[in-house]
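Residue numbers (the working numbering): 4 to 209.
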């Protein structure tokens, strides 16, 4: 069976998927790898990603009738996975009594300056930031190498970066989803971008 099977399924017997184990299995086999990748992008490890994926499919089966048929079904499922990942992050943050808004923007800016200076020492003394960026672009890192760097970010930075870059959400939307300020979302994104650039520079120098 292919994904086309589900296009017919939705319009002919959508409500049956909630109880049809065979249809559920086919759905899982067709989309598990795609949704697992999405879950892992927003998780701290593969174990958490698998938990989110499992919980996500249960929610997909339970709420299948809510899919209106408008827009991408794959996109609808991805949104469920992303929302669950965000819920996991919020619970984890609440458990640790931490909040992104408590991070001082001044502290982050100081860290960025320190990080920038530290990395530049490895390059020629007169290298400009533009030259550094060009060098990284010319190195043509693979998508796997870049995602490895992104996955190395702290969960908060990675969450904001992925929502902004991969899912194309605006900072206002990200702020609403994560219950943070718009300025915090922007700061976290800039910080994540800086950390990624620095790590790619480090790889370039090795």
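Ideal placement from N, C-alpha and C gives every residue a C-beta, glycine not left out.
Assuming contact is defined by CB atoms lying nearer than 8 Å, are residue 64 and residue 52 in contact in what I supplied?
no
Only counting runs of 4 or more residues, tell me where the alpha helix (DSSP H) segments fall wholly within the segment 29-81, in order along the chain.
49-65
Please confirm if the segment 153-161 is in contact with the segment 192-207, defined as three or more CB-CB distances below 8 Å between the two stretches.
yes
Quick one, which of 151, 57 and 180 has its alpha-carbon nearest residue 39's?
57
Pick out whichever of 41, 47 and 96 has its Cα sitting closest to the Cα of residue 78.
41
For the alpha helix (DSSP H) containing residue 192, list its first residue and its last residue.
185-208
Give me the Cα-Cα distance between residue 46 and residue 165, rounded to the nearest whole angstrom.
11 Å
Contacting residues, own chain, Cβ-Cβ under 7 Å from residue 31 (five flanking each side not counted):
60
8 Å CB neighbourhood of residue 80 in its chain, flanking five on each side removed:
34, 38, 59 and 63
Does residue 169 come out as helix, strand or coil in the three-state DSSP assignment?
coil
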